[in-house]
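Visitor: Shown below is the structure under consideration.
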Amino acid sequence: MKLLRYGPKGHEKPGMLDDGGAIRDLSGHVADITPALIHGDGLKGLMRIDPASLPVVQGPVRYGVPVIGSRKFIAIGLNFADHAAESNLPEPSEPVVFMKAISCLNGPNDDVTIPRGSLKTDWEVELGVVIGKRASYVEQVNALDHVAGYVLINDVSERAFQTERGGTWDKGKGCDTFGPVGPWLVTSDEVPDVQNLDMWLDLNGKRMQTGNTRTMIFGVAEIVSYVSQFMTLEPGDLITTGTPPGVGLGQKPEPFYLKPGDVMRLGIEGLGEQSQTLVPWCAAGSGDVA
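Throughout the sequence shown, residue numbering follows my numbering, covering -7 to 282 in sequence.
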């Protein structure tokens, strides 16, 4: 099942994608796609709905973030060995955990804003995990039982803020619009092997990143188990799991970064595609969590 939210910012409606690629309106059954809805019996109830019984949404639509009301946006750094190498950093012995601000959440095709003072805004295609069941001190063997589904994420990053301004990585990861998510939440039953998904990102039509989740240093089950040792994971929480090589930071002979007018297009097998245009910061600019 592919769950989504569609419509203007702040006025999204819940929807479902049918097997033919048509959006079906779920608003006659649920008010929105929320953490409470994707917890346990809520998902089971939605799975019993025949998509053909739902109204078809006509015309092109804007997608919002697939789940509204997430309380945590957790990220794993350097989780592909070749990306660690291009970053000139050692392969980690344990998952590198940092946080992205909830306020950076953005629709999958909405513009991405280059922050004021940015020198090194960068791209990162990533697999996102959406928690569906409370997880605390979960064993790895049971970890995937706590996952509602998976999403496509662009972990947009400002490298100078991240590594050259002191402190933690968070300040380069949580800028407004730096968390495009979607277009859909794909439930776990439709992803038979989460450790074998192709992923890619193009910049202005040129392929920059090509990878597969099988080359992750720490797999999804290990990540969920690991993070649950340090904080309780709740329904709706997002974990973005790392990026393959090919980011701007790793370009040879010299790194290069995003500028206004650039277009990022990215996708993960079975999870859909995103496209974002880069726009300059202005005093009126802001992110959107819808």
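The beta-carbon is built from N, C-alpha and C at its ideal position, and this holds for glycine as well.
With DSSP collapsed to three states, give me the class of residue 248.
Guide: coil
Visitor: One question on the structure: do residue 138 and residue 120 come within less than 8 Å of each other, judged by their Cβ atoms?
Guide: no
Visitor: According to the Cβ coordinates, are residue 172 and residue 99 closer than 8 Å?
Guide: With respect to residue 99, residue 172 sits close: the two C-beta atoms are nearer than 8 Å.
Visitor: Please classify residue 276 as buried or exposed, where buried requires at least 16 neighbouring CB atoms within 10 angstroms.
Guide: Residue confidence is low: residue 276 scores 46 on pLDDT, short of 50, so the model does not pin down where it sits. No coordinate-derived value is stated.
Visitor: DSSP three-state call for residue 59: helix, strand or coil?
Guide: coil
Visitor: Kindly indicate which three-state DSSP category residue 243 falls into: helix, strand or coil?
Guide: coil
Visitor: Along the chain, where does the beta strand (DSSP E) that runs through residue 213 open and close?
Guide: For residue 213, there is no enclosing beta strand (DSSP E); the residue is found in the alpha helix (DSSP H) stretching over 212 to 219.
Visitor: What are the complete alpha helix (DSSP H) segments, minimum 4 residues, inside the stretch 34 to 122?
Guide: 73 to 78
Visitor: How close, in whole Å, do the beta carbons of residue 284 and residue 251 come, if the pair is a contact with beta carbons under 8 Å?
Guide: In this structure the chain extends from -7 to 282, so residue 284 is not present and cannot be described.
Visitor: Taking the CB atoms as reference points, tell me whether residue 58 and residue 210 lie closer together than 8 Å.
Guide: no
Visitor: If you draw a straight line from the C-alpha of residue 195 to the C-alpha of residue 127, how long is it?
Guide: 37 Å
Visitor: Please name the residue in 146, 226, 159, 242 whose C-alpha comes closest to that of residue 260.
Guide: 146
Visitor: Going by CA-CA distance only, name the one from 91, 142, 107 that's closest to residue 324.
Guide: This structure gives no information on residue 324, because the portion of the chain shown stretches from -7 to 282.
Visitor: At the level of alpha carbons, what is the spacing between residue 80 and residue 156?
Guide: 15 Å
Visitor: What are the residues that DSSP puts in a beta bridge with residue 134?
Guide: Looking at the DSSP assignment, residue 134 forms no beta bridge with any residue, so it has no partner.
Visitor: Go through its chain and collect everything with a Cβ distance to residue 40's Cβ below 7 Å, but skip five positions before and after it.
Guide: none
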